[in-house]
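Residue numbering for the sequence shown follows my numbering, starting at 176 and increasing by one per position.
Remarks on the structure that follows.
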Amino acid sequence: MYVSDQKTTNTLAVLVLVIGPWLGVSMQVWGWMLDILLLIALLWVGRSVGRQRLRYGLVFLISGYGLALLFNGVSSLHYFSFVPWAALVTLWGMGANVPQRALVFWSLVAAGILGVLPTLAMLMQGIPQESIQSFVQNMMEQYRQAGMLESLKTQGISELELQSLFEQIVNTLIMLTPGLVAITALAKWGAVYYTFLRWMPIPGREYRPFTEWRLPWYAIWGMNFAIVSYLLGDQFQWLAMKSIGINLMLVYGVVAFVLGSALFVTLLRKPWLSGFFRFVLLFSSFLYIQVTAIVLIIMGLLDLVLDFRHMPIRKKEDSD
176 MYVSDQKTTN TLAVLVLVIG PWLGVSMQVW GWMLDILLLI ALLWVGRSVG RQRLRYGLVF
236 LISGYGLALL FNGVSSLHYF SFVPWAALVT LWGMGANVPQ RALVFWSLVA AGILGVLPTL
296 AMLMQGIPQE SIQSFVQNMM EQYRQAGMLE SLKTQGISEL ELQSLFEQIV NTLIMLTPGL
356 VAITALAKWG AVYYTFLRWM PIPGREYRPF TEWRLPWYAI WGMNFAIVSY LLGDQFQWLA
416 MKSIGINLML VYGVVAFVLG SALFVTLLRK PWLSGFFRFV LLFSSFLYIQ VTAIVLIIMG
476 LLDLVLDFRH MPIRKKEDSD
């Protein structure tokens with residue numbers, strides 16, 4: 176009997192969904208590669224089965240995660256990554272004919288929330304202060320062995336001040352961990368979805384080049400919530416709310432930077448912009464990269480509500 180390439184690929188995708196979580200937990204190799212494979216497999220199955228994509232995707236994912244729990248017990252939950260489940264939102268949006276920008280936004284929201292859940296559970300249990308102190312002492316020892324500690328002392332920086340600085344850096348990184356994990360989850364989903372639209376077209380979904388990337392206008396409310404959360408948390412010393420605000424601003428900053436970069440490339444392609452002026456803009460952007468990053472973030476946020484690409488440009492009237 177002839178087996179088509181389509182059937183072979185579908186079977187392989189189903190195997191990845193069903194066996195992948197069990198292998199990832201059993202071999203303790205669950206990482207970004209397995210997340211990407213599961214996302215690809217789920218979107219591939221959804222692309223193949225048509226209107227039943229959400230039902231099939233849900234069944235295969237439940238089977239895969241259930242198999243891992245069955246053979247490895249409840250302790251396997253510590254190894255789980257739930258980022259692939261964000262593709263269910265994508266499949267649902269496809270079936271419901273949700274507009275492209277809205278589909279991307281809500282899928283990114285789902286990926287970020289699901290990706291950060293295991294990290295939040297870990298942080299809620301608390302990180303022992305002994306672990307932080309041990310890490311700081313290791314850093315101090317490396318500085319001491321490299322001779323950098325003596326060099327800093329000659330500059331007026333004491334060993335106690337350096338240790339305090341390291342502790343602040345470690346605590347800041349711990350506080351920003353949810354945002355960094357969420358950004359990683361967004362990158363995973365975004366890379367897989369972009370790959371599908373670019374090289375494996377999904378029926379009813381149009382591929383859009385980088386210069387046309389944009390989220391729906393209401394995405395700006397997430398940034399508004401982040402700012403309010405940070406201000407209220409800082410004002411009333413609500414550490415949890417302040418942390419939520421900081422992490423959300425971090426995530427939105429990265430997303431806005433990408434959107435601002437897309438808008439910047441669009442502006443560079445305008446026919447009325449001379450080649451010399453393009454060179455000046457690019458050179459200045461790399462020369463003052465820190466300022467450029469801030470400008471791109473602001474552009475990306477403002478574009479959500481102003482839509483710079485479609486703003487009418489008045490032509491200069493002839494004075495005659």
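Every residue, glycine too, gets a C-beta built ideally from N, C-alpha and C.
Here the structure is a predicted model, which means the values were calculated and not measured.
Query, Result
"Measure how close the beta-carbons of Leu-266 and Arg-228 come, nearest whole angstrom, since I'm counting them as under 8 angstroms.", "5 angstroms"
"Roughly how many whole angstroms lie between the Cα atoms of Val-193 and Met-323?", "52 angstroms"
"Could you give the residue range of the alpha helix (DSSP H) that holds Val-258?", "Neither: Val-258 is in no alpha helix (DSSP H) and is coded neither H nor E."
"Using only the alpha-carbon positions, how far apart do Glu-316 and Gln-330 sit?", "19 angstroms"
"Which residue from Val-403, Tyr-427, Val-426 puts its Cα closest to that of Met-416?", "Val-403"
"Could you tell me the alpha carbon to alpha carbon distance between Ala-286 and Ser-326, rounded to whole angstroms?", "45 angstroms"
"Using only CA atoms, which one of Ile-473, Leu-406, Trp-413 lies nearest to Val-429?", "Ile-473"
"Considering only the beta carbon of each residue, do Ile-302 and Glu-342 sit closer than 8 angstroms?", "no"
"Would Ala-262 be called buried (16 or more neighbouring beta carbons within 10 Å of its own) or exposed?", "buried"
"What is the rounded straight-line gap between the Cα of Asn-247 and the Cα of Gly-241?", "10 angstroms"
"Taking one C-beta from the segment 268-286 and one from the segment 341-356 each time, how about it: are there three or more such pairs within less than 8 angstroms?", "no"
"Can you tell which of Ser-309, Leu-298, Leu-218 has the C-alpha that lies nearest to the C-alpha of Tyr-369?", "Leu-218"
"Start and end of the alpha helix (DSSP H) containing Gly-450?", "450-462"
"When burial is assigned at 16 or more other CB atoms within 10 Å of the CB, is Trp-392 buried or exposed?", "exposed"
"Nearest to Phe-255 by CA position, among Gly-206, Leu-462, Arg-389, Ser-459, is which residue?", "Gly-206"
"With H, G and I counted as helix, E and B as strand and the rest as coil, what does DSSP make of Ile-402?", "helix"
"Take Ala-401 and list the residues in its own chain whose beta-carbon comes closer than 7 angstroms to its own, dropping the five residues that flank it on each side.", "Gly-420, Leu-423, Met-424, Tyr-427"
"Can you find a heavy atom of the ligand FMN that lies under 7 angstroms from the Cβ of Val-191?", "Among the components of this structure there are no ligands whatsoever, and the ligand FMN is therefore not found."
"Identify, in the order they occur along the chain, each residue of the same chain with its Cβ nearer than 8 angstroms to the Cβ of Ala-277, setting aside the five sequence neighbours on each side.", "Gly-268, Pro-391"
"Can you name, in chain order, every residue of its own chain whose Cβ lies under 7 angstroms from the Cβ of Trp-413, other than the five neighbours on each side?", "Leu-407"
"Would you call Trp-374 buried or exposed, if buried means 16 or more other Cβ atoms sit within 10 Å of its Cβ?", "exposed"
"Do you know how far the Cα of Tyr-318 is from the Cα of Val-189?", "51 angstroms"
"Provide the residue span of the alpha helix (DSSP H) that contains Gln-338, from first to last.", "334-374"
"Just the C-alpha distance for Arg-383 and Leu-438, rounded to the nearest angstrom, thanks.", "13 angstroms"
"Going by other Cβ atoms of all chains shown within 10 Å of its Cβ, with 16 needed for buried, is Ala-216 buried or exposed?", "buried"
"Residues in the same chain with beta-carbon distance under 7 angstroms from Tyr-405, minus the five sequence neighbours each way, listed in chain order, please.", "Lys-417, Gly-420, Ile-421, Met-424"
"Drop a sphere of 10 angstroms on the beta-carbon of Phe-452, count the other beta-carbons inside from all chains shown, and report buried for 16 or more, exposed for fewer.", "exposed"
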